[in-house]
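Inspection log for the structure reproduced underneath, given as structure tokens.
Protein chains: 2
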Amino acid sequence: MRATVFHGTRDVRIEEVPDATLREPTDALVRVTHACICGSDLWPYRGELLIYGENGRMGHEFMGVVEAVGAEVRTLSPGDRVIAPFAFSDGVCEYCSAGLHTSCVQGGYWGAANDGGQGEAVRAPLADGTLVKLPDEVDLSDTRLATAIATLTDVCGTGHHAAVSSGIGPGGTAVVVGDGAVGLCGVLAASRLGADRIIIMGRHDARLDVARRFGATDEVRERGEEGIARVRELTGGGAAHVLECVGTPQATETAIAVCRPRGTVGHVGVPAEPIGLMDVYNRNITLRGGVAPVRAYIPELLEDVLAGRIDPSPVLDMTVSLDEVPEGYAAMDERRAIKTLVAVS
Amino acid sequence: MRATVFHGTRDVRIEEVPDATLREPTDALVRVTHACICGSDLWPYRGELLIYGENGRMGHEFMGVVEAVGAEVRTLSPGDRVIAPFAFSDGVCEYCSAGLHTSCVQGGYWGAANDGGQGEAVRAPLADGTLVKLPDEVDLSDTRLATAIATLTDVCGTGHHAAVSSGIGPGGTAVVVGDGAVGLCGVLAASRLGADRIIIMGRHDARLDVARRFGATDEVRERGEEGIARVRELTGGGAAHVLECVGTPQATETAIAVCRPRGTVGHVGVPAEPIGLMDVYNRNITLRGGVAPVRAYIPELLEDVLAGRIDPSPVLDMTVSLDEVPEGYAAMDERRAIKTLVAVS
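So this is what it looks like as structure tokens:
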């Protein structure tokens with residue numbers, strides 16, 4: 000089969016790899032219909048974070064059709080259309096039961112030595128726990144709807160995790176740091192959770208347009224000290240709820256700085272570098288969040304997507320074929336696309 | 000008057016300084032009876048953190064007797080015995096009203112350019128908001144009681160803040176990282192808040208003895224990876240509530256590592272150096288805490304001290320006169336004392 004393989008900085012290729020197959024009785028074999036390229040895929044792509052060795056398989060966001068299931072799979076059958084969250088999980092351990100599927104005692108991530116999502120098929124371990132079946136009536140030939148559903152594999156749930164972690168609720172004010180796909184989904188999530196005022200920090204016109212469609216009420220285009228001063232002015236000293244959706248030290252320090260004393264920063268950006276915490280300490284800021292337990296959030300978010308109450312599809316503003324995946328990476332790297340959908344089959 | 004003055008690394012001296020006087024109508028003039036040397040005083044003492052310039056005044060933990068009050072002071076009179084938290088605050092702003100006195104819009108800290116606590120007298124700004132009056136019946140000639148009350152100026156409330164921030168409550172399990180005075184007060188606070196099991200990480204016999212008296216049920220003397228493995232073994236994968244009472248990167252990383260996925264680290268150690276947050280991210284650990292709003296906690300903790308329900312006095316295991324303050328610093332620096340009380344007058 001064909002899949003995306005990492006070779007080095009800015010060098011990903013579509014290559015022939017061994018076919019995905021069932022290995023464990025709890026596996027499902029999924030033919031991928033849609034995959035996405037994630038902002039975090041750009042880290043190894045740019046050589047900033049070595050999470051893939053040479054020949055590592057790429058992609059952790061996909062949906063598709065079940066082709067075969069192992070003997071112990073009880074809830075899925077060939078032909079079922081399924082969404083995969085970016086981590087697999089058994090669904091029954093202490094952590095899964097508590098909704099923290101990313102800490103599953105048997106869990107793991109797609110890609111690297113496992114099949115990656117950006118390919119023709121994937122062996123999905125712990126299929127009953129991991130995969131979410133789409134209702135039969137969902138029409139995936141509706142491109143907008145399929146695109147919206149594809150965001151549930153990661154970004155929509157990750158933005159939601161930032162919002163939930165920040166504690167934003169009805170009537171509150173939230174600041175969203177970052178206008179990437181996750182930040183935009185954070186705006187959508189804050190709005191869905193009832194925020195009255197949502198301030199997005201970013202500076203790309205197309206992305207800020209999406210932010211406004213998603214519910215942002217204010218935008219702050221300045222960065223660094225100037226941006227911090229502007230948010231503090233808008234909020235009378237900082238917001239009680241801040242969504243950190245980037246992960247760099249600068250973004251994290253900005254998120255902390257625009258947070259009100261005793262406020263909460265809900266963070267989902269990968270914190271690859273150490274962070275100074277003196278401002279956190281001096282003003283008793285709470286840092287809450289981390290890798291999003293997207294599996295836990297798919298049911299409620301899917302329900303809202305299917306009911307038309309939210310539409311996260313605009314964050315996927317480019318579509319490529321599997322062969323064009325390298326161009327999809329380049330477009331995101333060069334900020335020509337917010338996020339790329341891969342129409343695999 | 001005489002007071003403690005910073006001159007450089009391991010060089011603090013008792014010197015003649017200008018007399019403390021009333022300056023603002025909201026000031027009180029306090030004659031110091033008892034002061035303490037804080038673990039955080041050791042940071043400038045050791046040259047590790049430059050918070051005092053040459054000739055900076057030292058000490059932020061003191062209690063004493065009101066000698067005079069400004070025209071606008073309403074709740075205090077000469078002769079009142081008062082406890083001072085380590086930060087002054089107006090008691091009426093948004094943050095003070097919410098119990099976060101360390102973020103008071105008019106507030107500040109003792110020492111440096113203000114009078115320090117380790118001296119004969121202090122000008123106390125915002126006296127009505129800052130100082131807590133002791134009931135008339137309290138007998139400060141009871142040395143144990145006076146010592147216990149002296150801890151309310153900082154360490155007792157700071158350990159309490161670590162415990163509250165960690166979310167520990169009835170029946171829970173807490174891990175306390177650090178066997179200094181704050182860590183020991185953290186043990187006491189966790190016990191007071193109802194913890195069933197309290198694991199102290201430390202390795203000094205005398206301190207672990209105090210920890211047991213304060214309610215610790217287990218002790219882990221190993222450090223680093225070995226200590227982490229031991230706590231994880233004791234707790235089946237980490238505790239939901241961890242009190243970080245040191246502030247160094249090693250201690251903070253240990254606190255995070257012994258925390259259960261989605262658990263909370265209540266931190267009160269000064270985080271002078273940047274901290275790696277990948278483990279926080281991967282396991283969704285919450286970091287909550289910071290500089291303790293000790294003023295908010297004094298009333299409830301004082302009530303328990305006066306009723307004999309808690310006795311934090313053992314953390315002050317050395318007493319010196321004002322002239323002997325340099326020896327008090329040396330004893331703490333060399334770990335001959337957990338914490339030093341200065342009997343000023």
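Note that the protein sequences, when read in sequence, are chains A and B.
For the first sequence, numbering that gives the first Met the number 0 gives the first residue as 0, with consecutive numbering after it.
For the second sequence, numbering that gives the first Met the number 0 gives the first residue as 0, with consecutive numbering after it.
From the three backbone atoms N, C-alpha and C, an ideal C-beta is built for every residue, glycine too.
These numbers were taken from a predicted model, which means no experiment stands behind them.
For residue i and residue j, I'd like the C-alpha separation in whole angstroms.
| i | j | result |
| --- | --- | --- |
| G185(A) | P248(A) | 19 Å |
| A147(A) | A210(B) | 55 Å |
| V230(A) | A250(A) | 14 Å |
| Y44(B) | R9(B) | 5 Å |
| A19(B) | I13(B) | 15 Å |
| D195(B) | A254(B) | 19 Å |
| A97(A) | M317(B) | 47 Å |
| I197(B) | H100(A) | 28 Å |
| I36(B) | E60(B) | 7 Å |
| V3(B) | L28(B) | The question names Val, but residue 3(B) in the sequence shown is Thr. Each residue's alpha carbon lies about 18 Å from the other. |
| D135(B) | A161(A) | 51 Å |
| H266(A) | E243(A) | 4 Å |
| V319(A) | M331(A) | 12 Å |
| D138(A) | V72(A) | 25 Å |
| P17(A) | S344(A) | 18 Å |
| R308(A) | R212(B) | 57 Å |
| T345(A) | I227(B) | Summary: the structure shown does not reach residue 345(A), with chain A confined to residues 0 through 344, and so no result is reported for it. |
| R56(A) | G110(A) | 5 Å |
| S164(B) | D217(B) | 21 Å |
| C92(B) | G106(B) | 10 Å |
| V245(A) | G52(B) | 38 Å |
| C155(A) | G182(A) | 9 Å |
| V269(B) | D278(A) | 10 Å |
| M0(A) | V11(A) | 16 Å |
| A336(A) | V174(B) | 46 Å |
Have a look at the options and flag the residue whose alpha-carbon is nearest the alpha-carbon of residue i.
| i | options | result |
| --- | --- | --- |
| N283(B) | V230(A), Y94(A), L41(A) and P134(A) | Y94(A) |
| L346(A) | V319(A), S165(A) and F5(A) | Residue coverage of chain A in this structure runs from 0 to 344, which leaves residue 346(A) outside it and unanswerable. |
| H240(A) | P273(A), S190(A), G7(A) and D26(A) | S190(A) |
| R334(B) | I199(B), G63(B), V104(B) and H203(B) | H203(B) |
| V31(B) | Q117(B), V16(B), S88(B) and Y108(B) | Q117(B) |
| T152(A) | Y296(A), G110(A), R222(A) and M0(A) | Y296(A) |
| T25(B) | A205(B), S88(B), C244(B) and D332(B) | S88(B) |
| L192(A) | E136(A), L300(A), P260(A) and G223(A) | L300(A) |
| P260(B) | G268(B), R220(B), N281(B) and D141(B) | N281(B) |
| V65(B) | R143(B), G78(B) and V91(B) | G78(B) |
| R220(B) | R212(B), L207(B), G214(B) and E232(B) | L207(B) |
| L233(A) | M200(A), E53(A), G214(A) and T263(A) | M200(A) |
| E15(B) | L21(B), T157(B), V264(B) and N54(B) | N54(B) |
| G177(B) | G171(B), A149(B), R143(B) and A215(B) | A215(B) |
| G158(A) | G38(A), A67(A), A145(A) and L133(A) | G38(A) |
| P169(B) | E47(B), M62(B) and A188(B) | A188(B) |
| Y328(A) | G171(A), G166(A) and W42(A) | W42(A) |
I need the DSSP call for residue i, collapsed to helix, strand or coil.
| i | result |
| --- | --- |
| Y108(A) | strand |
| P24(A) | coil |
| S164(A) | helix |
| L242(B) | strand |
| F426(A) | This structure cannot speak to residue 426(A), because chain A is shown only from 0 to 344. |
| P325(B) | helix |
| L355(B) | No information on residue 355(B) is available, as it lies outside the stretch 0 to 344 that chain B covers here. |
| V269(A) | coil |
| F61(B) | strand |
| V121(B) | strand |
| A189(B) | helix |
| I255(B) | helix |
| G262(A) | strand |
| D278(B) | helix |
| V181(B) | helix |
Is residue i near the ligand PLP - that is, is its Cβ less than 6 Å away from at least one heavy atom of it?
| i | result |
| --- | --- |
| R1(B) | Only the bare structure without any ligand can be found here, which leaves the ligand PLP out of the picture. |
Inter-stretch contact (C-beta, 8 Å, three-pair minimum) for the stretch 310-329 of chain B and the stretch 278-298 of chain B: Too few Cβ pairs lie closer than 8 Å, so no.
Near-chain B residues of the stretch 92-104 of chain A (beta-carbon distance less than 8 Å), N- to C-terminal order: Within the stretch 92-104 of chain A, the residues whose Cβ lies closer than 8 Å to some Cβ of chain B are Y94, A97, L99, T101 and S102, listed in chain order.
Contact the stretch 119-128 of chain A vs the stretch 269-284 of chain A: 3+ CB pairs below 8 Å: Judged by pairs of C-beta atoms under 8 Å, the stretch 119-128 of chain A does not touch the stretch 269-284 of chain A, as fewer than three such pairs exist.
Any 3 or more C-beta pairs closer than 8 Å across the stretch 77-92 of chain A and the stretch 103-120 of chain A: Contact between the stretch 77-92 of chain A and the stretch 103-120 of chain A is present, because at least three Cβ pairs lie under 8 Å.
Contacting positions in the stretch 249-277 of chain A - beta carbon closer than 7 Å to chain B: For the stretch 249-277 of chain A, which is checked against every Cβ of chain B, the residues closer than 7 Å are P260, R261, V269, P270, P273, I274, G275, L276 and M277.
Interfacial residues, the stretch 281-304 of chain A to chain B, with Cβ spacing under 8 Å: Flagged, chain order: N281, R282, N283, I284, T285, L286, R287, G288, G289, V290 and P292.
Against chain B: residues of the stretch 152-181 of chain A by CB proximity under 7 Å: Hits within the stretch: zero.
Residues, ordered as in the chain, of the stretch 129-150 of chain B that lie near chain A by beta-carbon distance below 9 Å: Flagged: no residues at all.
Interface residues of the stretch 312-332 of chain A facing chain B [CB-CB below 9 Å]: Within the stretch 312-332 of chain A, no residue has its Cβ closer than 9 Å to any Cβ of chain B.
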